[in-house]
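K.L.:
If you use my numbering, the first sequence corresponds to residues 220 to 812, in order.
Idealized CB from N, CA, C, for every residue including glycine.
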Amino acid sequence: MTSAPPVVTRFAPSPTGHLHIGGARSALFCWAFARRHGGHFVLRIEDTDQARSSDESARGIMEDLAWLGIDWDEGPELKLPDRTVGGDPRSVGPFFQARRVHLYNQYIMQLVERGRAYPAFETTEQLEAKRKAAVAAKQTYRYDRAALRELPEVKDRLKRIESGEPHVVRFLAPAEEVIVHDQVLGDVKYGEGEMDDFVIRKADGFPTYHFAVVIDDELMGVTHVMRAQEHLNNTPRHVALQRALVRDDADGRPFKTPVYGHMPLIVNMDASKMSKRDKAKVARAAARRFVDAFSEDDLFVRFEQVWKETKDLPENPRPPNDLKETFGDFLSGESDSVFWAWVMSRMLGIELPEIEVSDFRQNGYLPGPITNFLSLLGWNPGMKLPNGKDLEKFDNQFLAQHFDIERIGKSSAKFDRAKLLSFNADAIGALTDEAFAAEWRAWCRTYEPALPNHLDDRRWLILARAVKQRARTMRDGVKSAAFVLRPDDSSEFDKAAVEKNLLAGDRAGLKLLAEFRDLLAKIDPFEPAAINSAIEAFAAGKGVGMGAVAQPIRVAVAGSPVSPPLGETLAVIGRQGALKRIDTCLATLSPNR
RNA sequence: GGCCCCGUCGUCUAGCCUGGUCUAGGACAUCACCCUUUCAAGGUGGUAACACGGGUUCGAAUCCCGUCGGGGUCACCA
Numbered sequence: 220m221t222s223a224p225p226v227v228t229r230f231a232p233s234p235t236g237h238l239h240i241g242g243a244r245s246a247l248f249c250w251a252f253a254r255r256h257g258g259h260f261v262l263r264i265e266d267t268d269q270a271r272s273s274d275e276s277a278r279g280i281m282e283d284l285a286w287l288g289i290d291w292d293e294g295p296e297l298k299l300p301d302r303t304v305g306g307d308p309r310s311v312g313p314f315f316q317a318r319r320v321h322l323y324n325q326y327i328m329q330l331v332e333r334g335r336a337y338p339a340f341e342t343t344e345q346l347e348a349k350r351k352a353a354v355a356a357k358q359t360y361r362y363d364r365a366a367l368r369e370l371p372e373v374k375d376r377l378k379r380i381e382s383g384e385p386h387v388v389r390f391l392a393p394a395e396e397v398i399v400h401d402q403v404l405g406d407v408k409y410g411e412g413e414m415d416d417f418v419i420r421k422a423d424g425f426p427t428y429h430f431a432v433v434i435d436d437e438l439m440g441v442t443h444v445m446r447a448q449e450h451l452n453n454t455p456r457h458v459a460l461q462r463a464l465v466r467d468d469a470d471g472r473p474f475k476t477p478v479y480g481h482m483p484l485i486v487n488m489d490a491s492k493m494s495k496r497d498k499a500k501v502a503r504a505a506a507r508r509f510v511d512a513f514s515e516d517d518l519f520v521r522f523e524q525v526w527k528e529t530k531d532l533p534e535n536p537r538p539p540n541d542l543k544e545t546f547g548d549f550l551s552g553e554s555d556s557v558f559w560a561w562v563m564s565r566m567l568g569i570e571l572p573e574i575e576v577s578d579f580r581q582n583g584y585l586p587g588p589i590t591n592f593l594s595l596l597g598w599n600p601g602m603k604l605p606n607g608k609d610l611e612k613f614d615n616q617f618l619a620q621h622f623d624i625e626r627i628g629k630s631s632a633k634f635d636r637a638k639l640l641s642f643n644a645d646a647i648g649a650l651t652d653e654a655f656a657a658e659w660r661a662w663c664r665t666y667e668p669a670l671p672n673h674l675d676d677r678r679w680l681i682l683a684r685a686v687k688q689r690a691r692t693m694r695d696g697v698k699s700a701a702f703v704l705r706p707d708d709s710s711e712f713d714k715a716a717v718e719k720n721l722l723a724g725d726r727a728g729l730k731l732l733a734e735f736r737d738l739l740a741k742i743d744p745f746e747p748a749a750i751n752s753a754i755e756a757f758a759a760g761k762g763v764g765m766g767a768v769a770q771p772i773r774v775a776v777a778g779s780p781v782s783p784p785l786g787e788t789l790a791v792i793g794r795q796g797a798l799k800r801i802d803t804c805l806a807t808l809s810p811n812r
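(1) What is the residue span of the alpha helix (DSSP H) that residue 360 lies within?
(2) Out of 641, 269, 791, which has the shortest C-alpha to C-alpha gap to residue 704?
(3) Can you grab the Cα-Cα spacing for the pair residue 220 / residue 427, in whole Å?
(4) Quick test of the definition: if touching needs 3 or more C-beta pairs under 8 Å, does the region 401-416 touch the region 453-466?
(5) Would you call the region 738-750 and the region 772-791 touching, i.e. three or more CB-CB distances under 8 Å?
(6) Is residue 520 buried or exposed, if buried means 16 or more other CB atoms sit within 10 Å of its CB?
(7) Following the continuous beta strand (DSSP E) through residue 666, name the residue where it begins and the one where it ends.
(8) With residue 237 and residue 283 assumed to form a contact (beta carbons below 8 Å), what rounded beta-carbon distance in angstroms separates them?
(9) Residues in its own chain within less than 6 Å of residue 546 by CB, not counting five upstream and five downstream?
(10) Determine the burial state of residue 239: buried for a count of at least 16 other Cβ atoms within 10 Å of its Cβ, exposed for fewer.
(11) Going along the chain, which residues of its own chain have a beta-carbon closer than 6 Å to the beta-carbon of residue 618, five neighbours each way excluded?
(12) In the DSSP assignment, find the unbroken alpha helix (DSSP H) run with residue 589 in it and report its ends.
(13) For residue 419, which three-state DSSP category applies?
(14) Tell me which residues share the same chain as residue 229 and place their Cβ nearer than 6 Å to its Cβ, disregarding the 5 neighbours each side in the sequence.
(15) So, at 7 Å on beta carbons, what are the nonlocal neighbours of residue 586 in its own chain, with the 5 sequence-adjacent residues on each side left out?
(16) Do you know how far the Cα of residue 433 is from the Cα of residue 218?
(17) Below 8 Å on the Cβ atoms is my contact criterion, and I expect residue 813 with residue 485 to pass it. Report the Cβ-Cβ distance as a whole number of Å.
(18) Answer yes if the region 373-387 comes into contact with the region 335-347, meaning at least three C-beta pairs across the two stretches below 8 Å, and no otherwise.
(19) If you scan the region 503-567 from start to end, which runs of the beta strand (DSSP E) of 3 or more residues do you find wholly inside it?
(20) Quick check: the region 691-705 against the region 642-653, are there 3 or more CB pairs under 8 Å?
(21) Look at the alpha carbon of residue 651 and the alpha carbon of residue 246, and state the distance between them as a whole number of angstroms.
(22) Under three-state DSSP, which class holds residue 457?
(23) Applying the 10 Å Cβ sphere with the 16-neighbour rule, what's the burial state of residue 560?
(24) Could you give the distance in angstroms between the alpha-carbon of residue 774 and the alpha-carbon of residue 565?
(25) Which of the three DSSP states is assigned to residue 484 in this structure?
(26) Tell me which same chain residues have a C-beta within less than 8 Å of the C-beta of residue 477, skipping the five on either side of it?
(27) For residue 314, which residues from the same chain have a beta carbon less than 7 Å from its beta carbon, with the 5 sequence-adjacent residues on both sides left out?
(28) Can you give me the C-alpha to C-alpha distance between residue 796 and residue 697, rounded to a whole angstrom?
(29) Would you mind working out which of 755, 778, 612, 468 sits nearest residue 325, comparing C-alpha positions?
(30) Return the chain-ordered list of same chain residues with a C-beta closer than 7 Å to the C-beta of residue 223, the five sequence neighbours on each side being excluded.
(31) Starting from residue 745, follow the alpha helix (DSSP H) in both directions and report where the run begins and ends.
(32) Which complete beta strand (DSSP E) runs does the region 288-373 hold, if anything under 3 residues is left out?
(33) Residue 234: which of 280, 253, 227, 254 sits nearest, CA to CA?
(34) So, is residue 259 buried or exposed, given that buried needs 16 or more other C-beta atoms within 10 angstroms?
(35) In three-state terms, what does DSSP make of residue 231?
(36) List the whole-angstrom C-beta distance separating residue 759 from residue 731, where the pair is believed to meet the contact cut-off of C-beta under 8 Å.
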């Protein structure tokens, strides 16, 4: 055991999918706060929902955190090529809640024995009926304590628990007012009688979130809890639990209440909560449009086909018993599965909103601008640059040195992708050509393998240099580089561009192109600078502007009027390829054909 | 609906705690112009906000009250 760190923060995701972008900000702030104060940042996996948790999700979340540069001092170990993250220096693990059930049970029994918790036997259906009745009568539903009245004596409660009869355990909520001292929001009061007897252990024997959090935060010595404001209303329950519990070890002291700070929510541009469900919403809306235009059966045929194609992907969940039913559930809104949303997006050719860290990674965002942008959602360093402008570009290291709870804002922040995109573009622009070439190549190898396979190192660097300043994301760069993948003998050309740049004015462009073709064969070396000056000299010799020469060439080699500068474009294509493309163009547009 | 939180340009925000220096600053987006072989990039400039109503005060974006508006949460999910 090492001595207790001055500050212990934690991030406690449930492994039911990828890391949510909002979760990433929570983790980032907790990490930064721990760093700032020389403390520890703990990663704990809250997998008490057996049905929805998976090891793959836990692993994915850890990889995404590490990718963002958020390393945890304590928690499950993750071996990376360059380092290992995690560990258990204070012996407070394990860090998967499913492996801590014995601890929770110990404290559940403590509460039952001391009369602060009791078993209850209603079925979910019975409870649901009561809840509905209360809503119908326009009353606030609260658990009616029927089970408590049934078992007034502690010894009878213990007996019933031991009998093996299915039950949940409920916490006997205190009647008194609870004040949460929040570092961000100030004192938040919850009046007496607001809390009901919430469940602390489910029928399957696992603790509920509320209970597990309180036990683990105490046992792991968490000093500061920073989380999103959606949890604010849970906090009085946690405080009540902390007041009711004492440590099971020798000193038997009461539980401590950590310092709380509730961060503003990150929401969509329409102010709704940003959640994974948004993917399903977008996919469903598109699917319904399709159904309106065609038919549900048509959609299902395509759905089945895409599903079969993607069957072996790791994201694919267990095969459903009835695909038609799964399909129906998704369409009706019964299910909001991210995976089925993805299948829908594939078959309908639509883009899903980026919600999870992996979405941004796939779409070619860099980790630096993501954490930088995230830092500014609900926090601000409040510093000026020497030129008087606000300081807002910084890295994780800066955050770790300057982050403070006092400067966390109170109002929710809309997630403006346009600004993130701009940050990402700036970060790409700040890379050296060589660094960008390497990063871009690495990204392409995973997400767009055709492109790098096509080019050697020399040409890749020329391409990367040309693409860098027009790429806001790695994926964007692929668009600018589309000309690389064009077959040299392709006879498809942008129609309007052919008219405008090659055929207009009695085929003036085409004539210049034919003349330039022979010059091109002689340019030496076949490098961007030499090619560019050859084109300039050619234009000057003809007494025409650069545009009159450049656009015909561009259309001929790229098939479209848009490409990186011609020197670079031609050098990447190579002399032979360029000649072939121009010849194909000339032949295609020849009047004799 | 109950409970809780919030309210500065379209968006993220600085300023608010410790009223005057705020004719409210920056960034993204947007518009115009410049540069330019296309697309970008870059440069210059512009439009644009203190939710509303009452107080307190010589003076309010800043303090107080109310109204309105937005959001969160009300599970054997976390």
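P.N.:
Checking against the coordinates, here is how it stands:
(1) Working through the first sequence from its first residue, we reach residue 360 at position 141. Residue 360 -> no alpha helix (DSSP H), and no H or E assigned at all.
(2) Locating residue 704 in the first sequence gives position 485, counting from the first residue. Checking every option, the nearest Cα to that of residue 704 belongs to 791.
(3) For this step, residue 220 is matched to residue 1 along the first sequence. For this step, residue 427 is matched to residue 208 along the first sequence. Model confidence at residue 220 stands at a pLDDT of 49, short of 50, so the residue's coordinates are unreliable; what they give is reported in the following sentence. Those two C-alpha atoms are separated by around 29 Å.
(4) yes
(5) yes
(6) Residue mapping note: residue 520 aligns to position 301 of the first sequence, counting from 1. Exposed: under 16 other Cβ atoms inside 10 Å.
(7) Reading the first sequence from its first residue, position 447 is the one you call residue 666. Note, residue 666: premise wrong, no beta strand (DSSP E); alpha helix (DSSP H) at 652-666.
(8) For this step, residue 237 is matched to residue 18 along the first sequence. For this step, residue 283 is matched to residue 64 along the first sequence. Residue 237 to residue 283, Cβ: 7 Å. Contact.
(9) The residue given as residue 546 occupies position 327 in the first sequence. Around residue 546: 519, 522.
(10) If you number the first sequence from 1, residue 239 lands on position 20. Flag for residue 239 reads buried.
(11) Residue numbering aside, residue 618 sits at position 399 when the first sequence is read from its first letter. 251, 594.
(12) As a position in the first sequence, residue 589 is number 370, starting the count at 1. Element bounds for residue 589: 586-594.
(13) Taking the first sequence and counting its residues from 1, one reaches residue 419 at position 200. Correct three-state label for residue 419: strand.
(14) By one-based count along the first sequence, residue 229 stands at place 10. Cβ within range, chain order: 261, 263, 441.
(15) Against the first sequence, residue 586 aligns to sequence position 367. The residues are 286, 287, 288.
(16) Since the first residue of the chain shown is 220 and the last is 812, residue 218 is not available in this structure.
(17) In the structure displayed, the chain extends from 220 to 812; residue 813 sits before or after that span and is not available.
(18) yes
(19) none
(20) yes
(21) Here residue 651 refers to the residue found at position 432 of the first sequence. Here residue 246 refers to the residue found at position 27 of the first sequence. Roughly 30 Å between the two C-alpha positions.
(22) Indexing the first sequence from 1 puts residue 457 at position 238. Note: residue 457 maps to helix in three-state DSSP.
(23) Here residue 560 refers to the residue found at position 341 of the first sequence. Residue 560 should be labelled buried.
(24) Within the first sequence, numbered from 1, the residue matching residue 774 stands at position 555. Within the first sequence, numbered from 1, the residue matching residue 565 stands at position 346. Their Cα atoms are separated by approximately 31 Å.
(25) Translated into the one-based positions of the first sequence, residue 484 becomes position 265. Residue state, collapsed to three classes: coil.
(26) One-based indexing of the first sequence puts residue 477 at position 258. So the list reads 436, 441, 442, 443, 444, once near-sequence residues are dropped.
(27) Numbered from 1 along the first sequence, position 95 holds the residue referred to as residue 314. Same-chain partners within the cutoff: 262, 263, 264, 294, 295.
(28) Taking the first residue of the first sequence as position 1, residue 796 is located at position 577. Taking the first residue of the first sequence as position 1, residue 697 is located at position 478. Each residue's alpha carbon lies about 20 Å from the other.
(29) The residue you call residue 325 lines up with position 106 of the first sequence. Comparing Cα positions, the closest option is 468.
(30) The residue you call residue 223 lines up with position 4 of the first sequence. Within the same chain, residue 223 has close Cβ partners 440.
(31) Working through the first sequence from its first residue, we reach residue 745 at position 526. Run containing residue 745: none; DSSP gives neither H nor E here.
(32) 294-298, 303-306, 336-339
(33) To locate residue 234, count along the first sequence from 1; it is residue 15. Out of 280, 253, 227, 254, 280 has the C-alpha closest to the C-alpha of residue 234.
(34) Working through the first sequence from its first residue, we reach residue 259 at position 40. Classification of residue 259: buried, given that the 10 Å Cβ count is 16 or more.
(35) What you label residue 231 is simply residue 12 of the first sequence in a count that begins at 1. Correct three-state label for residue 231: coil.
(36) Taking the first sequence and counting its residues from 1, the one referred to as residue 759 is at position 540. Taking the first sequence and counting its residues from 1, the one referred to as residue 731 is at position 512. With a Cβ gap of about 13 Å, residue 759 and residue 731 do not count as contacting.
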